[in-house]
Amino acid sequence: MLRNRAVLPRLDYLLAFEVAADLESFAAAGKELNVSETAISRKIRLLEQHYQCALFVRGHRSVRLTDMGRKLLSGITPALKTLVRVSEDMCAELEKSTVRLAATNSVSSLWLMPRLRAFHEANCNITIALTSSDVDEECLAEDMDLAILRGEGDWPGFEATRLFGETVFPVCAPGYLHGQVRIDSIESLRQHDLIEVSNNHTEWLNWRTWLDHKGADPDTVRPSASVNTYPLAIQAARDGLGIALGWGHLVDHHLESGDLVRPMGAEHVRTRSGYYLLRRQGVEPRNESAIVAHWLLQESAARQRYAAE
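Structure representation (structure tokens):
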């Protein structure tokens, strides 16, 4: 514990003094600290009042230390260096505990966000810095520790571990059906409002390709609403605007809460694609990254609910 703190001046005065002494100029010190020359001059003057002595000899364009100024500098320089070193170490520890995770907009919004609170409660010393993007290059940026992307498992330079497959089925709000229990046939879809996702960054199924997979004529239906992201499509379905295509796992919590239902029962399309956890090959993962990766794999393994369909 520090004793006799009253003899200590303010830290910003000492910092201004150290920089001015190093640069031999109040103007240059102001630029270095992003304040005005007047502000530096005022801090030095108050510091001199505190110690009741002159610390600088003022010249026309430069300043130089007095004997008392040199004495003060010799004392505060090692103290400031120690403070800088401790601050750098603390920042490094904070950086070490931050895991940068990138994922598509849909995975970020619909799968990760409902789970992050539970992770934080169990791992309060780890911060997940989440980046959401439908552009693969952004998700695979060099500063990312982990990424979750949709595909077939082939990303050169990355180790890909499958989290879950791709099972797609119609979903809507219970109120949209107006008391109707279910939609009996593919052909009946033409009588309903269909919500489409138009996103150039994905190769997702749309209503035409989903119907084609089911052997139905895609021209029999026409989407009545279009949005540019999948989370918006799900929100539109929850708000009763129509029927959207639901991706298994991504809409689980909405199905469980009753916000969404499957109006066509078990009717679905399964593709060869899936969602993969990506880690850069040849890079030893930090302990924090390994903990997050293990948690993601546990979460996905616990939810293999569509394998039997």
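When we follow my numbering, the leftmost residue of the sequence shown carries the number 4, and every step to the right adds one.
Every residue gets a Cβ at the ideal spot worked out from N, C-alpha and C, and that includes glycine.
Distance between residue j and residue i (C-alpha atoms, nearest Å)
{"i": "HIS252", "j": "LEU152", "result": "14 Å"}
{"i": "GLY261", "j": "ALA176", "result": "8 Å"}
{"i": "ARG6", "j": "LEU149", "result": "48 Å"}
{"i": "PHE59", "j": "GLY72", "result": "6 Å"}
{"i": "ILE186", "j": "GLU287", "result": "51 Å"}
{"i": "ARG211", "j": "ARG225", "result": "9 Å"}
{"i": "VAL171", "j": "ALA132", "result": "29 Å"}
{"i": "GLN194", "j": "GLY245", "result": "11 Å"}
{"i": "PRO221", "j": "GLU190", "result": "10 Å"}
{"i": "ASN108", "j": "LEU197", "result": "21 Å"}
{"i": "ALA304", "j": "GLY218", "result": "31 Å"}
{"i": "LYS46", "j": "PRO81", "result": "21 Å"}
{"i": "PRO234", "j": "ARG8", "result": "56 Å"}
Per-residue DSSP class, three states only, for residue i
{"i": "THR170", "result": "strand"}
{"i": "VAL10", "result": "helix"}
{"i": "LEU152", "result": "strand"}
{"i": "CYS225", "result": "The amino acid occupying residue 225 in the given sequence is Arg; Cys does not appear at that position. Reduced to three states, the DSSP call for ARG225 is coil."}
{"i": "SER315", "result": "Not covered by the structure: residue 315. The range shown for the chain is 4 to 312."}
Any C-beta of chain C under 8 Å from that of residue i
{"i": "GLY78", "result": "Judged by its chain identifiers, the structure shown contains no chain C, having just a single protein chain."}
7 Å Cβ shell around residue i - same chain, five flanking residues per side excluded
{"i": "HIS53", "result": "PRO12"}
{"i": "TRP114", "result": "HIS252, LEU253"}
{"i": "GLY154", "result": "SER276, TYR279"}
Residues near residue i by beta carbon distance below 8 Å, same chain, minus five either side
{"i": "SER39", "result": "GLY33"}
Neighbourhood of residue i by C-beta distance below 6 Å, restricted to the same chain and skipping five residues each side
{"i": "LEU300", "result": "none"}
{"i": "LEU104", "result": "ILE131, LEU133, LEU149"}
Bridge-paired residues (DSSP) for residue i
{"i": "ARG103", "result": "ALA132"}
{"i": "PHE161", "result": "ARG283"}
{"i": "LEU248", "result": "PRO173"}
Margin query: For the pair the region 278-285 and the region 134-141, tell me if three or more CB-CB distances fall below 8 Å.
Written below: Segment contact: the region 278-285 against the region 134-141, fewer than three CB-CB distances shorter than 8 Å; contact not assigned.
Note to self: Assess contact between the region 65-82 and the region 25-32, defined as three or more Cβ pairs (one per stretch) separated by less than 8 Å. Is contact present?
What the structure shows: Short answer: they touch.
Checklist line | Cβ contact (3+ pairs, closer than 8 Å) linking the region 237-244 and the region 160-179 | finding: The region 237-244 makes contact with the region 160-179: 3 or more CB pairs, one atom from each, lie closer than 8 Å.
Next item on the list: Determine, using beta-carbon pairs with one atom in the region 113-125 and one in the region 71-85, whether at least three such pairs fall under 8 Å.
Entry: No: fewer than three Cβ pairs fall under 8 Å.
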